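Visitor: full-length UniProt numbering puts the sequence shown at residues 1 to 250.
We put the beta carbon where it would ideally sit given N, CA and C, even for glycine.
From a predicted model like this one, the values you see are computed outputs, not experimental measurements.
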Amino acid sequence: MRGTEEGMKGREEGINGREEGMSGEEVGMSGREEGKSGREEGMSGREEGMSGSEGGMSGREEGMSGREEGVSGREEEMRGTEEGMRGREEGMSGREEGKSGREEGMSGREEEVNGREVGMSGREEGMSGIDEGMSGREEGMSGREEGKSGREEGMSGREEEVNGREVGMSGREEGMSGIDEGMSGREEGMSGIEEGMSGREEGMSGREEEMRGTEEGMRGREEGMRGREEGMSGREEGVNGKEVGMSGRE
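1) So, G234 versus E188, is the Cβ gap smaller than 8 angstroms?
2) Can you check whether the CB of R95 is closer than 8 angstroms to the CB of E13?
3) Would you report the Cα separation of E145 and E215, rounded to the nearest angstrom?
4) As a quick exercise: from E236, R200, N16, pick the residue whose alpha carbon is nearest that of S72.
5) Among M232, K148, E243, which one has its Cα closest to the Cα of M197?
6) At the level of alpha carbons, what is the spacing between M225 and M127?
7) Quick check on this structure: which residue in S93, E138, E124, R109 has the alpha carbon closest to the alpha carbon of M218?
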């Protein structure tokens, strides 16, 4: 009977070892394998406990071995729990690394957005520079037109100077004073032509410098105005020469 009780104890301990092996199976694969071995050993302990009625001493020894196997199964369960905790910690560290990688990705995305904004501002500045260049080109074109008008006025002054020259040549026969005045009118007309040509050259330089901006366009406009004024003065001088020639002819 004592051997039967010990066999029953061994059976209970084998069942406990079986339960502990099952819990070790849930915690980790290694614990599952070891729990399975503990389960098999518990089953063998159960069978040996049943045969304990035949031999009390062998049942006691097998009950002790079943108890030892139950303890080893519990230790294996604890190992499986520790391994599960390690896996959990590794998962947490991996989650933190993923979080840091996500934050780095977000910072990289913000830097990309900042770079796009900088590129857009540079593009806007380039467009404003193109607009300024276009305005300078328009001003240069207006300066060219003014230089052209100054050239035309200089040409009209040249024609008037030629007329004055003819009158002066006819007045040469009548008096040297008329010739001198006609020559002075010719010189003044030539200066008007030269100034008109300088206005044309300045208009051309205004075209070349149209991309430089508003200031150079304004400069060309001022020079065109000067050419126009000089052409007008040349025209007046030609008229004066014509009048002088007419007076000398008279």
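Guide: This is what the structure holds:
1) Within the sequence shown, residue 234 is the residue found at index 234, counting from 1. Within the sequence shown, residue 188 is the residue found at index 188, counting from 1. For G234 and E188, yes; Cβs fall inside 8 angstroms.
2) Taking the first residue of the sequence shown as 1, we reach residue 13 at position 13. Taking the first residue of the sequence shown as 1, we reach residue 95 at position 95. Not a contact, by the Cβ cut-off of 8 angstroms.
3) Your numbering for residue 145 matches position 145 in the sequence shown. Your numbering for residue 215 matches position 215 in the sequence shown. Going from the Cα of E145 to the Cα of E215 covers about 17 angstroms.
4) Within the sequence shown, the letter at position 72 stands for residue 72. Here the closest residue by C-alpha is N16.
5) Locating residue 197 in the sequence shown gives position 197, where the first residue counts as 1. Cα-wise, what sits closest to M197 is K148.
6) Numbered from its first residue, the sequence shown carries residue 225 at position 225. Numbered from its first residue, the sequence shown carries residue 127 at position 127. Spanning the two alpha carbons is a distance of roughly 31 angstroms.
7) What you label residue 218 is simply residue 218 of the sequence shown in a count that begins at 1. Its Cα nearest to that of M218, the residue E138 stands out among S93, E138, E124, R109.
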